Structure formats: C-alpha cells, structure tokens
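Read left to right, the sequence shown gives residues 1332 to 1553 (the numbering used here).
Even for Gly, the Cβ is constructed at its ideal location relative to N, Cα and C.
Owing to the predicted nature of the structure, the values given are computational and were not obtained by experimental measurement.
Here the structure is laid out as structure tokens; the discussion comes afterwards.
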Amino acid sequence: MASYFRQVPDFQYVSRLPNSQSISDYITVKNLFKRGKLREDIFGNLQFFTKYKIIGNERPDNVAYKVYDDETLDWVVLLSNNILNVQTEWPLSQQGFDNFLLEKYGSYDQIYAVHHYETNEIKNTNGILIIPAGLQVPSNFTTTYYDDILGRQVTQRNFTRAVTNFEYEQKLQDDKRNIFILKPTYLNVVFNDMEEIMPYKKGSQQYVSENLKKGDNIRLYT
1332 MASYFRQVPD FQYVSRLPNS QSISDYITVK NLFKRGKLRE DIFGNLQFFT
1382 KYKIIGNERP DNVAYKVYDD ETLDWVVLLS NNILNVQTEW PLSQQGFDNF
1432 LLEKYGSYDQ IYAVHHYETN EIKNTNGILI IPAGLQVPSN FTTTYYDDIL
1482 GRQVTQRNFT RAVTNFEYEQ KLQDDKRNIF ILKPTYLNVV FNDMEEIMPY
1532 KKGSQQYVSE NLKKGDNIRL YT
C-alpha cells in the first residue's frame, strides 16, 4: 500500500492533542476520504480482468507480487475488487479463521453444531431438475411433484443435509477467495487516472496546493 499512500494528498486539521501549545496548532495527516477508484468503463468490463483464486494465506501484497512482480501494487488488487476493509473482506489466514470461529461460537462443540439445512438435488425420471441443491430449508422439508413417466405425483422426503457452523463459515471464506485481477496491460491507465483523481483542484477556500488542504479552525470562533 506504500505506493498508494504516497499519492494520497494531505489534510491539516486543528490539533486536539492535550499537549498542544496553541489553539492554532495544526496536524497534517493523509486525507483518507480522498479515495482512488477504477474508472467505471474499466471496473464494469470483465475484459480488463482475469479471474484469480486466493491460495492459502496469501495477502494482497503476495498476489500483487505474483501478478505484477511488485508487492506495492496491492492497492490495485483491492481496488479491482472494491475491497475497503481487508480485515473483513479478504479471506482470513488459517490461524485467524480458527480464532474467529472460537470467538464467535465459543467452543468446538458449537463450531460443529448445525447452522442450517440445505437441499440435495432432486430430478424427476426424465432428468428434469425439480429442486436444486443448496437451498436453505427446514430439516423436515418435503416436496411433491407430478412425474410424467411414472404417471403420478411423487413426494420426496429426507433429502436435506445438515450444514455445520464450520461449513457455513468456511464457504463464506472460500467465496472471498474468488477475485478479479486487473490485467497488467492496463496498469498505466490506472496510474494516469490516479494522478488525475488524487490532486486537489483550485477553487476551495481550504485549498493550499495540489497535495494539501487546510481545515477551518473552529476553535477560534468558540
């Protein structure tokens, strides 16, 4: 992320630190509200991306190094998937996942307790799909349908399966592993867009330079 934050402009706001010497003291920080993004014509077009599956404990910088030969382009990986919070939107490491499960469910017994029930696939004798697999249903769910070959109604029972809390959470993690990667060919387009997006534009009273804005000092008026 280092290369990304170098492009993020600064913002000065009035110091609230207890050791501040004056009500006019300012602190300079990165303006995290000034966020880069991919252009809509790129973000919404799959031809600019390739599918990627996160393996094991790979972090965004690991993926960036593998794809772009530059770990500092982890921010491109995150922007390509509109990921704002790596802690919740990126798959956990194995140790992190184990800790998460214990914290959420309290014990191994609860981790492997039933979370919900799902259907197994049901087809009629013609091979036509009646009930797809993976629907969340009550444990005693039944379905009745007319089978043309048998010439009668058929009632299906006991075709659900129990999904444990572990399986449920593992699927959520696995879903996060399927991401899109911007093709290296288009990196320069993104770099140029960032150079256009990040600098401040003249016209605001807070404008100091392309890389700095200064907030109003409300302490002078209170």
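Three-state class that DSSP yields for residue i in the structure shown
i, result
"L1551", "Confidence in L1551 is poor, its pLDDT being 49 and thus under 50, which makes the residue's placement unreliable; the coordinate value appears in the next sentence. Correct three-state label for L1551: helix."
"N1455", "coil"
"N1343", "Note on residue identity: the sequence assigns Gln, not Asn, to residue 1343. Three-state result, Q1343: strand."
"I1480", "coil"
"F1522", "helix"
"L1409", "helix"
"L1543", "strand"
Beta carbon of residue i nearer than 8 Å to that of residue j
i, j, result
"Y1538", "N1496", "no"
"N1393", "S1424", "no"
"I1459", "I1453", "no"
"L1518", "Y1396", "no"
"D1405", "P1391", "yes"
Closest Cα partner of residue i within the set the options
i, options, result
"R1492", "A1395, H1447, I1462, I1512", "H1447"
"I1528", "E1449, N1542, T1381", "N1542"
"Y1443", "N1451, N1519, E1449, L1433", "L1433"
"R1508", "N1376, K1382, T1474, Q1441", "K1382"
"D1505", "I1414, S1470, I1386", "I1386"
"N1376", "N1412, G1482, T1473, V1345", "N1412"
"V1407", "K1384, S1470, F1374", "F1374"
Whole-number beta carbon distance between residue j and residue i, since they are thought to touch under 8 Å
i, j, result
"N1455", "Y1476", "7 Å"
"T1450", "F1490", "6 Å"
"F1380", "K1532", "Actually they do not touch by this definition, with Cβ atoms about 30 Å apart."
For the region 1495-1502 and the region 1521-1535, state whether three or more C-beta atom pairs, one from each stretch, are separated by less than 8 Å. No, they do not touch.
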